[in-house]
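Reading through the structure tokens given below for one structure.
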Amino acid sequence: SSVSHLGPEVVFERIRNAGVITLNRPKALNALNLSMIRHIYPQLKKWEKDPETDLVVIKGAGGKAFCAGGDIRAVTDAGKTGDSLAQDFFREEYILNNAIGTFKKPYVALIEGITMGGGVGLSVHGRFRVATEKTLFAMPETAIGLFPDVGGGYFLPRLQGKLGLFLALTGFRLKGRDVQRAGVATHFVESQKVKSEQPGVWERELVHLITHFVESQKVKSEQPGVWERELVHLVFLSVEGIQENLKQDGSAFAQKQAETLAKMSPASLKITFRQLQAGATMSLQDVLVMEYRLSQACMRGKDFYEGVRAVLIDKDQNPRWQPSSLKDVTEQFVDSCFAPLGEHDLKL
Ligand SMILES: *[C@@H]1O[C@H](CO)[C@@H](O)[C@H](O)[C@H]1NC(C)=O
């Protein structure tokens, strides 16, 4: 195998017929920044055309995370000073998400450890996502005044029942085998096999998974996960309706979710609800165009900056949302977030 370091934050290798991408910012939980995107995209396009490359594997360095998300602190800093990173990051990230979603060869993401937000966008649109018992999946954007982007509007409404809406609004964390059971991962392997000291063990495992099309490796349906048991009877008509249902439900699970929703940005909740409703019948490309509009609406607003401040910078976990309640988030405001950007729209 040959190794080429095109940048310290992402490493590309050839292992036999596989192109292997390693996200390599372990101290930052492999958070995705613009330079990583700018390295990965052209390499992916090269491997897509290269007759010697049969598949692409993407993984994270350090063992704790596949990728904890986009480097959104840098993005909000840029938004404050009017730097173009606030547009470029989202645009180029979504273009990469689309390249993964339309990739012509098997694309295999080893989503061991934390896999959130931008990390989901690097994995979920590819053909194979391999979880381990250490996988921790979430789309936690409503907690920072954003919305579940990177094609969340496409893949979330396509999960069973209302699971995607639930994950999108609450940021609920799925762990281990539940990640596969939910349909976020396509496969499950034990972490030991992925991490084996013996070189090539996980590659062999993957090749086996792919060539045998995995039926043998698929988890037999076990006990339903907590979300399956609990969500079945909750009706989701509107964000307010969800809150009302949860409060009336009375179960400990429902109370906990109601408390979680009460902490989220009300504007984010309403944007997210409409995003998933619309995205359910749209192509991935149209969803990404819509999400780019929403990303720029968040950059124009206040909640995204306030959420990043409260969760990532000051860490007081006490964001002051504007507006502070669902009833004050008007339909007119939500409409304005979905408005076309003319010549600034995302082009795929
Ligand atoms: C991305 O992260 C790497 C490694 O931490 C850093 O060297 C680089 O400057 C960052 N790039 C951007 C655009 O933030």
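Residue 157 is where the sequence shown starts when you use the working numbering, and the numbers rise one by one after that.
The beta-carbon is built from N, C-alpha and C at its ideal position, and this holds for glycine as well.
Everything numeric in this text was worked out from a predicted model, so none of it was measured.
- Item | beta-carbon P422 near ligand 2 non-hydrogen atom, thresh 8 Å | For the structure depicted, ligand 2 is absent and the ligand set comprises only ligand 1.
- Item | Counterpart residues of Y263 in DSSP-defined beta bridges | V212
- Item | Whole-angstrom distance between P304 and K483, CA atom to CA atom | 21 Å
- Anyone know if the C-beta pair for G275 and G235 falls short of 9 Å? no
- Message: With DSSP as the reference, identify every bridge partner of L292, one or two as the case may be.
- Response: I270, K331
- Taking the CB atoms as reference points, tell me whether L252 and C223 lie closer together than 9 Å. no
- Task: Taking only heavy atoms of ligand 1 into account, decide whether any of them is closer than 8 Å to the Cβ of M192.
- Result: yes
- Indicate whether V335 and T298 have their beta-carbon atoms separated by less than 9 Å. no
- Distance cut-off 8 Å: P198 Cβ against heavy atoms of ligand 1: no
- Query: Is L200 helix, strand or coil by DSSP?
  - Reply: helix
- Quick one, are the C-beta atoms of S421 and W477 less than 9 Å apart? yes
- Message: If I measure Cβ to Cβ from N254 and keep anything under 7 Å in the same chain, skipping five residues before and after, which residues do I get?
- Response: L440, Q441, L444, L504
- Compute every distance between the C-beta of R247 and the non-hydrogen atoms of ligand 1, then say whether any falls below 8 Å. no
- Message: Taking DSSP's pairing of strands, which residues face R285 in a bridge?
- Response: A265
- Message: Quick check: what's the CA-CA separation for D491 versus F168?
- Response: 42 Å
- Query: For ligand 1, is there a heavy atom less than 8 Å away from the beta-carbon of N189?
  - Reply: yes
- Task: My understanding is that L417 touches Q399, with C-beta atoms under 8 Å, so please give their C-beta distance in whole angstroms.
- Result: 6 Å
- In terms of residues, what are the limits of the alpha helix (DSSP H) holding F322? 319 to 326
- Message: Less than 8 Å separating the Cβ of L185 from some heavy atom of ligand 1?
- Response: no
- For the candidate residues E248, G317, H281, whose alpha-carbon lies nearest to that of V231? E248
- Task: With a 10 Å radius around its C-beta and 16 neighbouring C-beta atoms as the bar for buried, classify K205 as buried or exposed.
- Result: exposed
- Message: Let's see if you can read the secondary structure: which residues bound the beta strand (DSSP E) around F222?
- Response: 221 to 223
- Item | Limits of the alpha helix (DSSP H) - the one that S481 falls within | Where S481 is concerned, there is no enclosing alpha helix (DSSP H), given that its DSSP letter is neither H nor E.
- Looking at D227 and ligand 1, is the gap between the Cβ and the nearest heavy atom below 8 Å? yes
- Query: Grouping DSSP H, G and I as helix and E and B as strand, with all else coil, what is G406?
  - Reply: coil
- Query: Which residues does DSSP pair with F429 in a beta bridge?
  - Reply: None, per the DSSP bridge assignment.
- Are V286 and T342 touching if we call contact CB-CB under 9 Å? yes
- Confirm the yes/no value for this check: CB of A242, any heavy atom of ligand 1, distance under 8 Å. no
- Query: Tell me, which residues are paired with L188 by DSSP?
  - Reply: G226
- Task: Taking only heavy atoms of ligand 1 into account, decide whether any of them is closer than 8 Å to the Cβ of A230.
- Result: yes
- Since S279 is in the alpha helix (DSSP H), which residue starts that stretch and which ends it? From DSSP, S279 is part of no alpha helix (DSSP H); its letter is neither H nor E.
- Straight-line Cα distance separating E447 from H281: 15 Å
- Message: If I follow the unbroken alpha helix (DSSP H) through M438, where does it start and stop?
- Response: Counting along the chain, M438 falls outside any alpha helix (DSSP H), and DSSP gives it neither H nor E.
- Query: CB of P182 to nearest heavy atom of ligand 1: below 8 Å?
  - Reply: no
- Message: I need the boundaries of the alpha helix (DSSP H) containing E346, first residue and last residue.
- Response: No alpha helix (DSSP H) holds E346; DSSP gives it neither H nor E.
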